[in-house]
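Which chain is which? The protein sequence lines are D and U, in order.
Using the numbering used here, read the first sequence as starting at 1 and increasing by one per residue.
Using the numbering used here, read the second sequence as starting at 1001 and increasing by one per residue.
One structure is given below, encoded as structure tokens.
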Amino acid sequence: MIEDGNLDPTSGVALYRRMLRLRRFEERVVELLDANEIAAHAHEYVGQEAVAVGVSASLRADDVVTSTHRGHGHVLAKGADMAAMFAELMGRESGCNRGRGGSMHIADLSAGIYGANGIVGAGAPIACGAARRFRDSGQDRVAVPFFGDGAMNQGVLLESLNVAAIWRLPVVFVCENNLYAITSPISEMAAGELYERAAGFGLASEAVDGMDVLAVREAAERLIERARRGEGAGFLECRTYRFSGHFTAERGRDFGYRTAAEIEDWRRRDPLDVQARRLDGEEAWGTADRAAISAEVAAEVEAAVAQARAAPWPEPATARDHMYARTYPGLPAGPRG
Amino acid sequence: MTREIGYLEALNEALLAEMARDESIVLIGENIRGGFRPEAMGIEEAFGANRIIDMPISEAAMTGIATGQALAGGRPVVHFQVSSLIFPAFDQLVNQAAKLPLMLGGQGHIAATYLVMGCGASGGRAGQHSDSPHAYLVHAGIKSVAPATPGDAKGLLISALREPDPVAVFVPAVAGAIRGPVEAAADPIPLGQGVVRRAGGDVTIVAVGQMVADALDVAEALAGEGIEALVWDPRSLLPLDRDGLAAAVAATGRVVLFDDTARTCGIAAELAATIAERCHGSLKAPLRRVTRADVTLPYSAPLEAEVLPGRGHLEAAVREVVAWVPGSSSVPG
Ligand SMILES: Cc1ncc(C[n+]2csc(CCOP(=O)(O)OP(=O)(O)O)c2C)c(N)n1
Ligand SMILES: [Mg+2]
């Protein structure tokens, strides 16, 4: 797999390398935004990489995920092509969604990615629907909706937990509890422990250190394999932190909802450092050569950006395409005539 | 006294003034405390924490909570941080708030204001963050205003806050960049009163909400070529100033409607129907609509430009309508 270079994909070094890919991707996205090569803004995944990588490491290529506004990490970790992701963000025809989706809607159905989503909580029932279909058609595939702590207060998410439980769906809900929904701290917004809510619905539910990729992978694997065997849905609360603001537009502004000291504390638990420290002294790490990994990932990112930049823009005349799978004369109409 | 201030500041002034006047007013929304939202500044400091409620991400509940507050004598203002967030709340808006007053047979009313932020596109915010959803709520019977300027934002929000029914106030996504003259005093602008933004005798452009500024720019550009456009802004979508609309149409007999809601069953469609019913005798040419295309807004810039109602589209439509003589095609070119 490209994401692992020449590494053993089950190794701890491979997990480190995958997280580094997500980190470098996101850093490059911010640079491209600042250079106006990417429009509007992005919700950076930096700090939360252990979640996407740890969960995806336990998923098969034909399993399905739904994602969020903060979706780049999930999408890349699940196996989307990096150049196609950059191209999507740059609005190019070669993008995952042919430039129609952008950051909050990036999807690759062929890789089991049913899409990032601009509406908080909206991916959960979609994952349940896919899981219901898998179950009813005798396929042992699993669906994983990713979502944040904030999404736990959306009615549709609670409705989804219920159907996942009563239908014993092959679904594992992955909640990235990064303590905030934009400026709102979870302590003021959510009653009780999040993973206990799911337990209340009868789901197998756990909370893990979301800054530790091995801990996430182990717990995810348990829940995912259990769900795959038809033993019921699961819920994994990953306690994590976003190092950046809610989105790129927050840079250089301070809304005072969290302290510099708190951010600093969490940065000391950077998932990349946690995994690097674990690997220090291990034989695999010595031979893998951290600098070489870093150089490989940097080269991959630059090649992907170059490929995206060279890709054509969509033709304006195709702006109405894909609205319908079957169209009729005059449909869709506008802006004139 | 008139000063030049921003659109969001104007909303903030209206809220602060009315909250001081009417202590039943409470603002409820997501991430509204702590300075993240310019329109919600200073409320906690001035009126205390009970008057500004930060909600979990629960739009359906927050809208229903407002209905309950209103039935119990409160006057809630529900803040939707992006226009598409009215959709998760749709049951509470349409089945509850809009329908309850009649079904209650007059026993009570619902004095709630919906501050619908982030209407329309602002460049790359893509399919789920670029909606102009005005027509959905108008269709449901919810009184609706679409202020184009800071002055109207203040005046119309004040009226909404004094109305005994639900009123939606649609705020453009680009509001943060709009500045204009605003009265320091808290003067309401009544619902149901349109306004002539620019006089002209050759053609009437009816522009809705965030389209008004572009319409004025196009009108100025065309004036250089001797085409004088009257620009009329309905301001209030429900109730609609039908007399004002008819007068603006009669003034030139040639009409282009300029609206960012969907083409099919959008605001321009209703305006066109009204003109067809009321102004048949004064029309000298078929009217033209320039609207958003009936599509999800694609992300990529060249696609966005193709399906949004732009100045280029408007200019072309105005030229066509001005040049129209009997015998020309009645189908838009
Ligand atoms: C239904 C809905 N409500 C509100 C928003 C605006 N919004 C976007 S992200 C966000 C916070 C989400 O918090 P959380 O689920 O914890 O995810 P995080 O941003 O922390 O990753 C909000 C309120 C939205 N996009 N969708
Ligand atoms: Mg969060």
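We put the CB at the ideal spot given by N, CA and C, even for glycine.
Here the structure is a predicted model, which means the values were calculated and not measured.
Placement of the Cβ of D:Asn6 at a distance of 7 Å or more from every heavy atom of ligand 1 is found. The C-alpha of D:Ala52 lies about 15 Å from the C-alpha of D:Leu223. Shown here, D:Lys78 sits in a helix according to DSSP, grouped into three states.
Ranking U:Ala1184, U:Ala1221, U:Arg1242 by CA distance to the CA of U:Val1206 puts U:Arg1242 first. Identification of chain D residues near U:Arg1051 by a Cβ-Cβ cut-off of 9 Å yields none; the smallest Cβ-Cβ distance measures about 17 Å.
U:Tyr1299 counts as buried, since at least 16 other C-beta atoms from the protein chains shown sit within 10 angstroms of its C-beta. Distance from the Cα of D:Arg253 is smallest, within the candidate group D:Met19, D:Thr183, D:Gly200, for D:Thr183. In terms of beta-carbon proximity, D:Ser184 lines the interface with chain U, with at least one pair separated by less than 8 Å.
Taking a beta-carbon distance threshold of 8 Å, U:His1079 does not count as an interface residue toward chain D. The contact set of U:Asp1214 on chain D, defined by CB atoms closer than 7 Å, is empty, because the minimum CB distance reaches about 13 Å.
Where D:His69 is concerned, there is no enclosing beta strand (DSSP E), because DSSP gives it neither an H nor an E. U:Ile1025: member of the beta strand (DSSP E) spanning 1025-1029, first to last residue. Distance from the CA atom of U:Gly1035 to the CA atom of U:Gly1209, rounded to whole angstroms, is 26 Å.
A check of alpha carbon separations from U:Leu1237 across U:Gly1141, U:Thr1291, U:Ala1251 identifies U:Gly1141 as the nearest.
The residue among D:Gly330, D:Tyr324, D:Trp313 with its C-alpha nearest the C-alpha of D:Gly95 is D:Trp313. The C-beta of U:Tyr1007 comes no closer than 8 Å to any C-beta of chain D.
With the criterion CB distance below 6 Å from any heavy atom of ligand 2, the matching residues run D:Gly148, D:Asp149, D:Gly150, D:Asn178, D:Tyr180, D:Ala181 along the chain. Interface criterion not met: the Cβ of U:Gln1193 is under 8 Å from no Cβ in chain D. Look at D:Tyr257: its C-beta is under 8 Å from a C-beta on chain U. With contacts defined by Cβ atoms closer than 8 Å, U:Pro1101 and U:Val1026 do not form a contacting pair.
Along the region 145-165 of chain D, the positions whose C-beta sits under 7 Å from a C-beta of chain U are Gly150, Ala151, Asn153, Gln154, Gly155, read in chain order.
Under the DSSP assignment, U:Gly1310 falls outside any beta strand (DSSP E); it carries neither an H nor an E label. DSSP places U:Lys1099 in the coil class of the three-state scheme, outside both helix and strand.
The straight-line gap separating the alpha-carbon atoms of U:Gly1194 and U:Pro1332 is approximately 27 Å. Look at the beta carbons and you see the region 48-63 of chain D touching the region 103-123 of chain D: at least three pairs across the two are nearer than 8 Å.
The C-alpha of U:Ile1189 lies about 9 Å from the C-alpha of U:Ala1160.
Taking U:Gln1128 as reference, the option from D:Arg290, D:Arg251, D:Gly102 with the minimal CA-CA separation is D:Gly102. Identification of chain U residues near D:Val120 by a Cβ-Cβ cut-off of 8 Å yields Ile1057, ordered along the chain.
With a threshold of 7 Å, the Cβ atom of D:His43 counts as near ligand 1, since some heavy atom of the ligand is closer than that.
DSSP places D:Ser160 inside the alpha helix (DSSP H), whose first and last residues are 155-166.
Distance from the CA of D:Leu89 to the CA of D:Glu37, rounded to the nearest whole angstrom, comes to 8 Å.
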